[in-house]
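Chemist:
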Amino acid sequence: MKKLSGILISLLLLLSTQVQAKLVIEITEGVEGALPIAVVPFKWMGDAATPPPEDIGQIIAADLKRSGYFKTLDEAQMLARPSTMTEVDFRDWRALRQDNLVIGRIEPNGPGGYKLRFQLFDVYQGEQLIGYNFSTTAKDLRAIAHHIADLVYETLTGTKGAFATRIAYVVSEGSPKSPKLSLRIADSDGYNAQTIVSSTEPLMSPAWSPDGRKLAYVSFENGRPSIWIQEVFTGKREKITSFKGINGAPAFSPDGHYLAMALSKDGNPDIYIMDLARRKLRRVVRHWAIETEPSWSPDGRKLLFTSDRGGSPQIYQVSVTGGDVKRLTFENRYNARASYAPDGKSITLITRVGSQYRIGVMDLRTGSITVLTDGRLDESPSFAPNGSMIIYATRYKGKGVLAAVSTDGRVKQRLALQSGDVRDPVWSPYYK
122 MKKLSGILIS LLLLLSTQVQ AKLVIEITEG VEGALPIAVV PFKWMGDAAT PPPEDIGQII
182 AADLKRSGYF KTLDEAQMLA RPSTMTEVDF RDWRALRQDN LVIGRIEPNG PGGYKLRFQL
242 FDVYQGEQLI GYNFSTTAKD LRAIAHHIAD LVYETLTGTK GAFATRIAYV VSEGSPKSPK
302 LSLRIADSDG YNAQTIVSST EPLMSPAWSP DGRKLAYVSF ENGRPSIWIQ EVFTGKREKI
362 TSFKGINGAP AFSPDGHYLA MALSKDGNPD IYIMDLARRK LRRVVRHWAI ETEPSWSPDG
422 RKLLFTSDRG GSPQIYQVSV TGGDVKRLTF ENRYNARASY APDGKSITLI TRVGSQYRIG
482 VMDLRTGSIT VLTDGRLDES PSFAPNGSMI IYATRYKGKG VLAAVSTDGR VKQRLALQSG
542 DVRDPVWSPY YK
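The sequence shown runs 122 to 553 under this note's numbering.
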């Protein structure tokens with residue numbers, strides 16, 4: 122077991138916990154020359170004494186701002202508060218040097234219901250780019266706001282937005298001797314956080330199903346590691362493996378029919394694939410070295426994994442049918458926890474630079490690694506479903522926090538909870 126310590130310790134360091142407060146997002150570095158945009162507070166058309174429970178315009182503006190690609194206008198600087206096109210005087214917004222303008226209104230729609238209308242304008246052309254109507258409930262107002270931000274983002278950047286997605290993460294609260302651990306999910310901006318499972322034993326390695334409706338994870342309840350799959354909306358869960366030794370690093374296939382994992386039931390940790398319908402296991406990689414952290418290619422044909430077969434942890438690739446293994450990483454003495462970008466052209470990974478562990482992106486065509494972060498212990502990178510950002514865990518002021526960086530390294534933000542150590546983040550796919 123001594124030989125297992127390197128990778129296994131690094132895996133155990135990834136366990137995380139949860140907090141009962143929302144995430145606080147701090148933009149630490151943005152794109153120079155970000156696009157100026159004004160998001161006017163949405164006009165409430167109902168009784169002033171009973172306004173909607175959410176500020177739609179503020180949510181949209183916050184989403185666009187934290188992307189790093191937009192510079193939102195402060196409400197106090199606005200010269201007008203239009204809610205319809207006939208109320209818009211584009212000269213006001215040109216004077217404020219705004220390229221684009223978002224306006225909207227919200228009105229009651231039966232008990233607990235609302236109707237929303239929003240429009241996006243090109244200020245200098247003086248024309249509408251998009252406009253939509255929505256019907257929703259109080260519970261789903263934030264989701265609609267995130268959806269509107271996605272529409273604005275895609276219209277102006279050409280890239281699909283990811284504000285209406287979720288993140289999963291683990292948090293540890295309490296003393297180091299008796300921590301309370303929780304697996305939690307939240308909206309991409311940290312609101313609507315929900316506890317999926319709580320434990321006094323380690324929880325780690327959450328992984329989303331491709332439809333965003335289930336999470337696989339590792340739990341050490343009853344004193345030994347087991348892989349579980351849990352339905353996000355119902356809480357129903359099922360133990361998938363509990364073999365002797367290591368049961369770790371679950372990863373759903375792109376079609377959701379299979380689960381890759383690392384098991385040591387037959388000796389050293391190797392990569393296995395389980396057919397979830399038949400509960401049939403198949404070993405993909407067999408080697409005397411440590412093999413762990415499998416990750417599927419977007420087309421479901423290949424797996425990445427971490428192995429120390431070359432003397433230090435590096436990233437390898439193998440067909441899901443087995444066969445020849447190809448080493449992918451040669452820069453630096455330590456590379457681990459890799460996963461594919463949504464387009465399959467690059468991977469994100471942890472790479473060691475000197476004594477520091479950083480988040481990098483490797484171009485699969487050239488093999489070159491670009492280091493994106495500058496922390497001392499950055500870990501658990503996970504792509505947003507549109508491939509524009511990577512969420513990861515890091516240390517800040519002595520505790521574990523989440524952070525995100527754009528894939529070109531130009532946009533950086535830190536997501537801090539008010540208490541607890543937060544680690545092991547994973548970004549959800551688009552909901553299906």
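Just so it is clear, CB atoms sit at the ideal spot from N, CA and C, and this is done for glycine as well.
This structure is a prediction, so every number in the text was calculated from the model and none was measured.
Near Met395, which residues of its chain fall below 6 angstroms by C-beta distance, leaving aside the five closest residues on each side in sequence?
Modeler: Excluding residues within five positions, the ones whose Cβ falls inside 6 angstroms are Leu380 and Leu402.
Chemist: Can you look up Thr171 in the DSSP assignment and give me helix, strand or coil?
Modeler: In this structure, Thr171 counts as coil in the three-state DSSP scheme.
Chemist: Within its chain, find whatever has a CB closer than 6 angstroms to the CB of Ser330; leave out the 5 residues flanking it on each side and keep chain order.
Modeler: For Ser330, where only same-chain residues beyond five positions count, the Cβ hits under 6 angstroms are Phe373 and Gly377.
Chemist: For Arg407, which residues from the same chain have a beta carbon less than 6 angstroms from its beta carbon, with the 5 sequence-adjacent residues on both sides left out?
Modeler: Cβ neighbours of Arg407 beyond the five flanking positions: Asp391.
Chemist: Let me check understanding here. Comparing Cα to Cα, which of Leu425, Phe284 and Gly432 lies closest to Ala410?
Modeler: The shortest Cα separation from Ala410 among Leu425, Phe284 and Gly432 belongs to Gly432.
Chemist: Across which residues does DSSP place Met395 in a beta bridge pair?
Modeler: The partner list for Met395 (beta bridge, DSSP) reads Leu380 and Leu402.
Chemist: According to the neighbour-count rule (16 or more other Cβ atoms, all chains shown, within 10 Å of its Cβ), is Ala142 buried or exposed?
Modeler: Per-residue confidence for Ala142 stands at a pLDDT of 44, beneath the threshold of 50, marking its modelled position as unreliable; no derived number is given.
Chemist: Expressed to the nearest angstrom, what Euclidean distance is found between the alpha-carbon atoms of Leu129 and Thr413?
Modeler: Unreliable placement is indicated for Leu129, whose pLDDT of 38 sits below 50; the coordinate value is still reported in the next sentence. When rounded, the distance between both Cα atoms is 9 angstroms.
Chemist: State whether the stretch 417-433 contacts the stretch 448-467, with contact taken as three or more CB pairs (one from each stretch) at a distance under 8 angstroms.
Modeler: Enough Cβ pairs lie closer than 8 angstroms, so yes.
Chemist: With distances taken Cα to Cα, identify the nearest neighbour of Val547 among Tyr290, Ile490 and Tyr312.
Modeler: When only C-alpha atoms are compared, the closest one is Tyr290.
Chemist: Would you mind working out which of Val439, Gly475, Leu277 and Gln219 sits nearest Gln198, comparing C-alpha positions?
Modeler: It is Gln219 whose Cα lies nearest to the Cα of Gln198.
Chemist: Report yes if the CB atom of Asp542 is closer than 8 angstroms to the CB atom of Ser293, and no otherwise.
Modeler: Closer than 8 angstroms, so yes.
Chemist: Does DSSP put Trp548 in a helix, a strand or coil?
Modeler: Correct three-state label for Trp548: strand.
Chemist: Please state whether the Cβ-Cβ distance between Asn254 and Lys236 is less than 8 angstroms.
Modeler: The answer is yes: Cβ separation under 8 angstroms.
Chemist: Going by DSSP in three states, Leu185 sits in which element: helix, strand or coil?
Modeler: Here Leu185 sits in helix by DSSP.
Chemist: Using the DSSP secondary-structure output, state which residues sit across from Val542 in a beta bridge.
Modeler: Position check: residue 542 holds Asp in this sequence, whereas Val was assumed. Paired residue(s): Ser293.
Chemist: Candidates Gly333, Ser299, Phe364 and Gly530: which alpha carbon is nearest Glu613's?
Modeler: Not covered by the structure: residue 613. The range shown for the chain is 122 to 553.
Chemist: Report yes if the C-beta distance between Ile468 and Glu500 is below 8 angstroms; otherwise report no.
Modeler: Against a cut-off of 8 angstroms, the Cβ pair of Glu500 and Ile468 comes out as no contact.
Chemist: Pick out the complete beta strand (DSSP E) segments inside the stretch 387-473, 3 residues or longer, and give them in chain order.
Modeler: Runs found: 391-396, 401-404, 412-417, 423-428, 435-440, 446-448 and 456-461.
Chemist: Do Asp184 and Phe284 have their C-beta atoms closer together than 8 angstroms?
Modeler: Contact flag set, yes.
Chemist: Output the residue ranges of the alpha helix (DSSP H) runs that lie fully inside the stretch 206-270 and measure 4 residues or longer, sorted by chain position.
Modeler: Correct list: 211-216.
Chemist: Pull up the distance between the alpha-carbon of Gln179 and that of Phe504, whole angstroms please.
Modeler: C-alpha separation (whole angstroms): 26 angstroms.
Chemist: Buried or exposed for Phe451, going by 16 or more other Cβ atoms inside 10 Å?
Modeler: By the 10 Å Cβ count, Phe451 comes out exposed.
Chemist: Could you check which residue in Ala159, Asp308, Asp387 and Ile512 has the C-alpha nearest to that of Tyr552?
Modeler: Here the closest residue by C-alpha is Asp308.
Chemist: Quick one, which of Ser489, Asp484, Leu498 and Asp210 has its alpha-carbon nearest Ser476's?
Modeler: Selected option, being the one with the closest Cα: Leu498.
Chemist: In or out: Asp195 buried (at least 16 other Cβ within 10 Å) or exposed?
Modeler: Under this definition Asp195 is an exposed residue.
Chemist: Consult DSSP for Ala142 and reduce its assignment to one of helix, strand or coil.
Modeler: Note on Ala142: pLDDT 44, under 50, position unreliable in the model; the coordinate value appears next. It is coil, neither helix nor strand.
Chemist: So what's Tyr517 in DSSP terms, helix, strand or just coil?
Modeler: Three-state DSSP puts Tyr517 in a strand.
Chemist: Thinking Ile348 and Met382 are a contact (beta carbons under 8 angstroms), I'd like their distance in whole angstroms, please.
Modeler: The Cβ separation is near 6 angstroms, so the contact holds.
Chemist: Buried or exposed, going by whether 16 or more other CB atoms sit within 10 Å of the CB of Asp445?
Modeler: Exposed, because fewer than 16 other Cβ atoms sit within 10 Å of the Cβ of Asp445.
Chemist: Does the Cβ of Ala328 have 16 or more other Cβ atoms within 10 Å, making it buried, or fewer, making it exposed?
Modeler: Ala328 should be labelled buried.
Chemist: Report the three-state DSSP secondary structure of Thr276 (helix, strand or coil).
Modeler: Reduced to three states, the DSSP call for Thr276 is helix.
Chemist: Would you report the Cα separation of Gly369 and Ile350, rounded to the nearest angstrom?
Modeler: When rounded, the distance between both Cα atoms is 12 angstroms.
Chemist: Give a yes or no on whether the C-beta atoms belonging to Ser303 and Ser319 are separated by under 8 angstroms.
Modeler: A contact, by the Cβ cut-off of 8 angstroms.
Chemist: Buried or exposed, going by whether 16 or more other CB atoms sit within 10 Å of the CB of Ala337?
Modeler: Under this definition Ala337 is a buried residue.
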